[in-house]
Every structure is written in C-alpha cells, then in structure tokens.
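Below is one structure, written out as structure tokens, with a few remarks after it.
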Amino acid sequence: MLRKRIAPGPGQESVWDYPRPPRLEDSQKLIQIVLNGIEIAHTQHAKRVLETSQPPTYYIPPEDVKMEYFIPSHKHTYCEWKGTASYYTITVGDISIPDAAWYYQHPSQGYEALSGYIAVYPSQMDACYVAGEKVQSQAGNFYGGWITSDIVGPFKGGAGTMGW
Numbered sequence: 000m001l002r003k004r005i006a007p008g009p010g011q012e013s014v015w016d017y018p019r020p021p022r023l024e025d026s027q028k029l030i031q032i033v034l035n036g037i038e039i040a041h042t043q044h045a046k047r048v049l050e051t052s053q054p055p056t057y058y059i060p061p062e063d064v065k066m067e068y069f070i071p072s073h074k075h076t077y078c079e080w081k082g083t084a085s086y087y088t089i090t091v092g093d094i095s096i097p098d099a100a101w102y103y104q105h106p107s108q109g110y111e112a113l114s115g116y117i118a119v120y121p122s123q124m125d126a127c128y129v130a131g132e133k134v135q136s137q138a139g140n141f142y143g144g145w146i147t148s149d150i151v152g153p154f155k156g157g158a159g160t161m162g163w
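Structure, rendered in structure tokens:
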C-alpha cells in the first residue's frame, strides 16, 4: 500500500501535518463514549494526541468517566513517547471488554498533562462521538485513533502500514 497524502479541504486536518514526536493539546469539543447503551464518558475537557500518520487519540479526564465500569487489568505496554500505559477492562451489564481502555499514570516528560486521563479503542465501543459526529475507528488493533470528517489520511494501522 502506497501512502499518498490526501490534501485537506476547508476545515480539515491532514494527519501528515501532525508532528513526530506527537503533540498533546486540549480539546473543548464534546466527547462521548457509549457501551451497551450506557454513556460511560462525557466531557468537553479532553486532550488529544496528534502524531504523524495517525488520527487523533482522545484522552478523557477520569472525573468525566463513569469509573464504576472501569476495572484495572494486568496489561501494560510501552510507548516510546508517552511511557508505560496501564489498562482497564470495561464492564457494562453483561458486556465485558478486556483491555479496552488505557492510561498513563506517570507519563514521560512532555506528556505529564496526560497523567490519569483515559483513552478507549473506539472499535470496541458501541459508539464514540466528537462534537456529535460518530467516530470511525482506526484500522488495526494497535492504535486507538478517532477518525472524523475533518481528519484526512491515509492512516497508519491497516495492513501494510506498519513501516510508515
């Protein structure tokens, strides 16, 4: 698969204009996450991580997450930029999704503002919304990017893109 930057239209961003290392920025857009018919997160105080070739990943402050549905798991991964991530299993009613959310308790230098904020894989939720628009999930099962109509790619994550 060849990667060819899609030119952004008015009001759009190209993921190929995002920096490496990633940029962390505040977002006042309404972010909502729904699982098993329950809104498990609702905020206008998210942070988003913008990294070359990837759609934004949204991180939600824990006070805007219904933490009774989030159970710490034993999984940990390492990001070269943000440090060691810990995971949550999300259980809502009879649905339980292992390692569906992650956070950085002690993020690396430059990403300290992410401490405790929670991200989810949109592909594993009923729906995730940015400013009322239902998100498309990033391909693959490694990244947790949120694709909306104002973001253009191509996006890393699908088959044949790991070397980008």
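Each residue of the sequence shown is one higher than the one before, counting from 0 in numbering that gives the first Met the number 0.
Using N, Cα and C, we set each Cβ at its ideal position, and we do this for glycine too.
Legend entry - Buried or exposed (CB count within 10 angstroms, at least 16 for buried), Gln-137: Position 138 of the sequence shown, counted from the first residue, corresponds to residue 137. Of the residues assessed, Gln-137 falls on the buried side of the cut-off, its CB having 16 or more other CB atoms within 10 angstroms.
Inset, instruction - Taking Glu-24 as the reference, give the member of Thr-90, Ile-96, Gln-43, Asn-35 with the closest Cα. - result: Walking along the sequence shown from the start, residue 24 turns up at place 25. Per the Cα distances, Gln-43.
Legend entry - Buried/exposed call for Met-47, threshold 16 Cβ in 10 Å: For this step, residue 47 is matched to residue 48 along the sequence shown. In the sequence as presented, Met is not what sits at residue 47; that position holds Arg. By the neighbour-count rule (16 or more Cβ atoms within 10 Å), Arg-47 is buried.
Inset, instruction - For Tyr-103, I'd like the list of residues in its chain whose CB is within less than 6 Å of its CB, leaving aside the five on either flank, ordered along the chain. - result: As a working note, residue 103 is residue 104 in the sequence shown. Annotation for Tyr-103: Lys-81, Gly-82, Ala-84, Leu-113 place their beta carbon closer than 6 Å to its own, counting only its chain and skipping 5 residues before and after.
Legend entry - Bounding residues of the beta strand (DSSP E) (the contiguous stretch that carries Val-91): The sequence position of residue 91 within the sequence shown is 92, counting from 1. For Val-91, the enclosing beta strand (DSSP E) covers residues 82 to 91.
Inset, instruction - Taking 7 Å as the cut-off, decide whether the C-beta atoms of Tyr-58 and Ile-30 are in contact. - result: Translated into positions along the sequence shown, residue 58 becomes position 59. Translated into positions along the sequence shown, residue 30 becomes position 31. For Tyr-58 and Ile-30, no; Cβs fall outside 7 Å.
Inset, instruction - Rounded to whole angstroms, what's the CA-CA distance from Ala-99 to Asp-149? Just pull it up for me. - result: Working through the sequence shown from its first residue, we reach residue 99 at position 100. Working through the sequence shown from its first residue, we reach residue 149 at position 150. Here the C-alpha atom of Ala-99 lies approximately 25 Å from the C-alpha atom of Asp-149.
Legend entry - Opening and closing residue of the beta strand (DSSP E) in which Thr-56 lies: As a first step, residue 56 must be located in the sequence shown, where it is residue number 57. That run of the beta strand (DSSP E) goes 53 to 58.
Legend entry - For Thr-147 and Gln-27, the rounded distance between their alpha carbons: Stepping through the sequence shown from its first residue, residue 27 is reached at position 28. Stepping through the sequence shown from its first residue, residue 147 is reached at position 148. Roughly 16 Å separates the two Cα atoms.
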